[in-house]
Amino acid sequence: MKKYIIIGACIGLLSLGNSVMAQENFTVKGKITGWQGKYIHLETRGNQVLKDSVENKDGSFEFKGQVHGATNAFLVSKDEQNPVFRFFFLEPGTTTIQGEFDNLSTAQVSGSDLSAAYQRIKNIHEVKKAKIDSIYNFIHSEKDQAKVKGYYREIEALNAKDVEDVRAFITANPKNPGAIYELFTISGNVDYPTLSALYNTVDASVRDSEQGKDLKAYVTNLGNIQLGKIAPDFVQPDSTQKEIRLSDFKGKYVLLDFWASWCIPCRKEHSNLLAAYKKYKDKGLEILGVSIDTKEEEWRWKRAIQNDGVIWPQVSDLRAQKNAAAQLYAIQVVPTNFLIDPSGKIIAKNLMGEELNKKLAELLGQ
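FYI, in mature numbering (1 follows the signal peptide of the UniProt record, and there is no 0) the residues of the sequence shown are -22 to -1, 1 to 344.
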């Protein structure tokens, strides 16, 4: 089953800011041919906030200033018709950016060791992503389920290779701020012990960054939802604003299902969940759906509930990937579900289709 990644653009928060570090001079210069817009902007994010701009004449630019350590930065066009940017790591010394406006995101960055190292791992990801996208195209048109399973095994192998590539990158570049983002990108493909160990491989200066602290919270939450752990309790409103707690269903088997109205695999699974709910509802099963839709998508969420015939409880704070329950359960992709026993203990994860049916039959009878 194809899963949809919901993680936010965390690269926009990466920073190695540290107020006790000495300020050092930086220069960012270069030329982007065909630059569109009256100005060329340089902006940073995270603990160090810097905004500067120069008038666009022939696409040439030069920015000077001071920075402590390294921080993430963007060369930005704020043209309303065509806003684009080039991400790089701003660090002491001289960084040169050369390229074309139509391909700004891949403009050549030189003079920054951090950016160069990070670009190498990004290039590896792009190759893998292209391969996976190609495989998914085959899956969508393939009717032979044996071949489909083979395609998914290929994807699993590519994801496993991706994890090893990230491991190698972090081992060689523990002080690179991109290490945190790399861990976020593979977090849905590794188990808790592996992710925790890789996180601790990252240099303390990076772990203490804004995004490093976010990842620490994620790793902690991931540790709290391992099999055998008591499912973290939460409360959220349903579509009528009635508050529902997970613990309201203690004493029953609960399938906690994270989904979204725009997630096609989630919607397809609803028919299976509906059949299971009707069969086992009176035998001790409850399903609690948690949508990671936004406030603007509330109408889509409610329409999906109606169109899919969903009759089990549904809740959401309508904050997308910032959904409090989704963060508590370290949700990176949807669909994701957890099977919780009557004592509140997590006993299985991501049971769908026939696997879910077999488990429910085992627990609740035919």
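Backbone N, C-alpha and C fix where the C-beta goes; we use that ideal spot for every residue, glycine too.
The closest CA to that of Pro155, considering only Gly343, Lys323, Phe67, Val293, is found on Phe67. Classified as exposed, Gln1 has fewer than 16 neighbouring CB atoms from the shown chains inside 10 Å of its CB.
Judged by DSSP secondary structure, Lys109 falls within the alpha helix (DSSP H) whose first and last residues are 91 to 119. For Ile208, there is no enclosing beta strand (DSSP E), as DSSP marks it with neither H nor E. Lys300 sits away from Ser217, with the two beta carbons spaced by 8 Å or more. His248: member of the alpha helix (DSSP H) spanning 242 to 258, first to last residue.
With respect to the C-alpha of Gly206, the residue from Ala146, Trp277, Gly229, Gly322 having the closest C-alpha is Gly322. About 18 Å separates the Cβ atoms of Ala304 and Phe227, ruling out a contact at the 8 Å cut-off. The shortest CA-to-CA distance from Leu338 to any of Lys230, Asp143, Leu176, Pro152 is the one to Lys230.
For the set Leu263, Gly343, Lys127, Thr73, the Cα lying nearest the Cα of Ala48 is the one of Thr73. Annotated as proximal: Leu136 and Lys106, with beta-carbon spacing under 8 Å. In the same chain as Lys109, and ignoring 5 residues on each side of it, the C-beta atoms closer than 7 Å to its own belong to Leu136, in chain order.
For Asn81, there is no enclosing beta strand (DSSP E), as DSSP gives it neither H nor E.
Distance from the CA of Cys244 to the CA of Val312, rounded to the nearest whole angstrom, comes to 7 Å. In this model, Thr22 and Ser55 are separated by some 14 Å (Cα to Cα). Apart from the 5 residues on each side of it in sequence, Gly89 sits with its Cβ closer than 8 Å to the Cβ of Gly71, Thr72, Thr73, Thr74 in its chain, given in chain order. At least 8 Å separates the beta-carbon of Leu252 from that of Asn315.
Rounded to the nearest angstrom, the gap between the Cα atoms of Arg223 and Ile318 is 14 Å. A straight-line Cα-Cα distance of about 34 Å links Val293 and Ala175.
Ser183 places its beta carbon 8 Å or farther from that of Gln310.
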